[in-house]
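Trainee: Protein chains in written order, with the working numbering: chain C, 332 to 543; chain G, 332 to 543.
All C-beta atoms in this analysis are idealised placements derived from N, C-alpha and C, irrespective of residue type, glycine included.
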């Protein structure tokens, strides 16, 4: 039985691939694992049936036999641990790839989420115009450090891993802001991620849902 | 050889236990693993020797033989995977505990970090007084969902796990704001975490550094 993930019935981004189901679809495509998708409306996400799967009323979730998981990072890690292709065999390299997964969601994504919040939830506030450059500078601090670490390598630590999958996914949220172009090596890194056949399949699958 | 972690030479919180080395100390104490600590100054954290260990110039790091890790979540997971006491034996329960680790750092902590940023980095801004209640409401959204999920259980999913260790640590950042008291079950949950002997040892160890 293939696993079942949940995704937005209609993603707020209209199919740009920024909803977090894309990250899980991408992981499943990288390891060649077929999956099924159950679409959930905004309303249904806040109802008991979905809350039983996801305490914070979000997508994606992951169901496989009697296992039910929530939280994108842990779903991607679960897939990566059980199938070849997303984590190195060497134990130390494997632990470092997992460090990059956590760095993506706990160090790089928080200032990016703050930017998204400022732009969307606080767009009508009188302070937002003056505040946005401060938030953007906090994003730049992280991008500068990340670019220094990446150097001229293709991926963060050796071969492509679940750490890169998560980091590229997090950085994709910045595409529309233009700030990635200030860091050409990061823009190229994201483009390498997007060029992967598995990413393309994941992207097209979510786009098909949102443009149907 | 015991592992070596890094911690602030002088923590910005003066020893309240909110610096992230406390999370790693707590994990090591839970599994009964002795460790050594190398203290790092703010200045040294931004220098090449430390950046080679931690790309974002932060603490903690973790060195054990030829393994060097950064990012608290991955260090705690690494410890939890290699020693009994922080992850269930059952594979499904283990995957769910890891979901809670990611939920702590990627769903619950981001609005809390936003609150900390508003209070510290934007304390002198003209908008902060009016904006803080909005940020606090986003924190409350998460706390309400978390309290609903915890119910009257002691821990998030069965026995105490690395998921609880991370969640309690994230919630501790809210202690000073008083907002935890609006959710008595969460305040009690945090207090249960703090009452664990391993937490107490970790807390005292970091306090000793910061009050020496």
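State the Cα-Cα distance for the pair residue 527/G and residue 434/G, rounded to the nearest angstrom.
Mentor: Answer to the nearest angstrom: the Cα atoms are 22 Å apart.
Trainee: Using alpha carbons as the reference points, say which of 475/G, 507/G, 421/G lies closest to residue 490/G.
Mentor: Considering only alpha carbons, the answer is 421/G.
Trainee: Could you give the C-beta distance for residue 354/C and residue 500/C, rounded to a whole number, given that I count them as a contact under 8 Å?
Mentor: That pair is a contact at about 5 Å.
Trainee: Are the stretch 426–442 of chain C and the stretch 385–405 of chain G in contact at 8 Å, needing three or more beta carbon pairs?
Mentor: Taking 8 Å as the limit for Cβ pairs, the verdict is that the stretch 385–405 of chain G does touch the stretch 426–442 of chain C.
Trainee: Is the shortest distance between the beta-carbon of residue 357/G and the beta-carbons of chain C less than 8 Å?
Mentor: No - not a single Cβ of chain C is within 8 Å of the one on residue 357/G.
Trainee: Could you give the distance in angstroms between the alpha-carbon of residue 488/C and the alpha-carbon of residue 393/G?
Mentor: C-alpha separation (whole angstroms): 17 Å.
Trainee: Could you check whether residue 517/C and residue 463/C sit closer than 8 Å to each other, using their CB atoms as the reference points?
Mentor: No, Cβ-Cβ distance for residue 463/C and residue 517/C is not below 8 Å.
Trainee: Based on DSSP bridge pairs, tell me the residues matched to residue 335/G.
Mentor: Looking at the DSSP assignment, residue 335/G forms a beta bridge with 367/G, 394/G.
Trainee: What's the C-alpha gap between residue 535/C and residue 365/C?
Mentor: In a straight line, the C-alpha of residue 535/C is about 15 Å away from that of residue 365/C.
Trainee: Going along the chain, which residues of its own chain have a beta-carbon closer than 7 Å to the beta-carbon of residue 533/G, five neighbours each way excluded?
Mentor: Same-chain partners within the cutoff: 353, 356, 357, 360.
Trainee: In the structure shown, what three-state DSSP assignment does residue 534/G receive?
Mentor: Correct three-state label for residue 534/G: helix.
Trainee: On the premise that residue 342/G lies in contact with residue 537/G, defined as a C-beta separation below 8 Å, what is that separation, rounded to the nearest angstrom?
Mentor: Correct: roughly 7 Å between the Cβ atoms.
Trainee: Please look up how many angstroms separate the CB atoms of residue 371/C and residue 337/C, rounded, as I've assumed it's under 8 Å.
Mentor: Confirmed, about 5 Å.
Trainee: Classify residue 452/G: buried if its beta carbon has 16 or more other beta carbons within 10 angstroms, exposed otherwise.
Mentor: Its Cβ having fewer than 16 others within 10 Å, residue 452/G is exposed.
Trainee: Quick check on residue 384/G: does DSSP put it in helix, strand or coil?
Mentor: Three-state result, residue 384/G: coil.
Trainee: At the level of alpha carbons, what is the spacing between residue 439/C and residue 350/C?
Mentor: Distance between the alpha carbons of residue 439/C and residue 350/C is about 17 Å.
Trainee: When the Cα atoms are used, what is the spatial distance from residue 466/G to residue 379/C?
Mentor: Their Cα atoms are separated by approximately 26 Å.
Trainee: Are there 16 or more other CB atoms within 10 angstroms of the CB of residue 504/C, so buried, or fewer, so exposed?
Mentor: Result: buried.
Trainee: Return the residue from the list 506/C, 376/C, 493/C, 382/C that minimises the CA-CA distance to residue 413/C.
Mentor: Taking only the C-alpha atoms, the option nearest residue 413/C is 493/C.
Trainee: Leaving out five residues before and five after residue 385/C in sequence, what residues of the same chain have Cβ atoms less than 6 Å from its Cβ?
Mentor: Once the five neighbours on either side are set aside, the close Cβ partners of residue 385/C are 392, 401.
Trainee: Would residue 389/C be called buried (16 or more neighbouring beta carbons within 10 Å of its own) or exposed?
Mentor: Result: buried.
Trainee: Following the continuous alpha helix (DSSP H) through residue 515/G, name the residue where it begins and the one where it ends.
Mentor: 515–526 is the span of the alpha helix (DSSP H), which, as asked, contains residue 515/G.
Trainee: Against residue 486/C, what residues of chain G qualify as contacts under a CB-to-CB distance less than 9 Å, listed in chain order?
Mentor: The premise fails here: residue 486/C is roughly 14 Å from chain G at the closest Cβ pair, so nothing lies under 9 Å.
Trainee: Just to confirm my understanding: we take residue 348/C, look at its own chain, exclude 5 residues before and 5 after, and list those with CB closer than 8 Å. What are they?
Mentor: So the list reads 503, 533, 534, 537, 538, once near-sequence residues are dropped.
Trainee: Check whether the Cβ of residue 303/G lies closer than 8 Å to any Cβ atom in chain C.
Mentor: Past the boundaries of the shown model lies residue 303/G; chain G is included only from 332 to 543, so the question cannot be answered.
Trainee: Unbroken alpha helix (DSSP H) runs of length 4 or more, entirely within the stretch 455–514 of chain G: which are they?
Mentor: Segments of the alpha helix (DSSP H) lying fully in the stretch 455–514 of chain G: 459–481, 493–503.
Trainee: Would residue 474/G and residue 514/G be called neighbours here (beta carbons separated by less than 8 Å)?
Mentor: In this structure, residue 514/G lies closer than 8 Å to residue 474/G by Cβ.
Trainee: On the DSSP bridge assignment, give the partners of residue 401/G in chain order.
Mentor: In the DSSP output, where bridge partners are listed per residue, residue 401/G has 392/G.
Trainee: Of all the options 345/G, 339/G, 399/G, 397/G, which has the alpha carbon lying nearest to the alpha carbon of residue 374/G?
Mentor: It is 339/G whose Cα lies nearest to the Cα of residue 374/G.
Trainee: Kindly give me the distance between the Cβ atoms of residue 541/G and residue 345/G, rounded to whole angstroms, as I take these residues to be in contact under 8 Å.
Mentor: Contact flag correct, Cβ pair sits at about 6 Å.
Trainee: Can you check the stretch 413–454 of chain G for any alpha helix (DSSP H) of at least 4 residues that lies completely inside it and give the ranges in chain order?
Mentor: Segments of the alpha helix (DSSP H) lying fully in the stretch 413–454 of chain G: 422–434, 440–451.
Trainee: What is the residue span of the alpha helix (DSSP H) that residue 350/C lies within?
Mentor: Counting along the chain, residue 350/C falls outside any alpha helix (DSSP H), and DSSP gives it neither H nor E.
Trainee: Measure the CB-CB distance between residue 397/G and residue 423/C and report whether it falls below 8 Å.
Mentor: Going by C-beta atoms, residue 397/G is nearer than 8 Å to residue 423/C.
Trainee: Any idea if residue 529/G is buried or exposed, counting beta-carbon neighbours within 10 angstroms, 16 or more meaning buried?
Mentor: So residue 529/G counts as buried.
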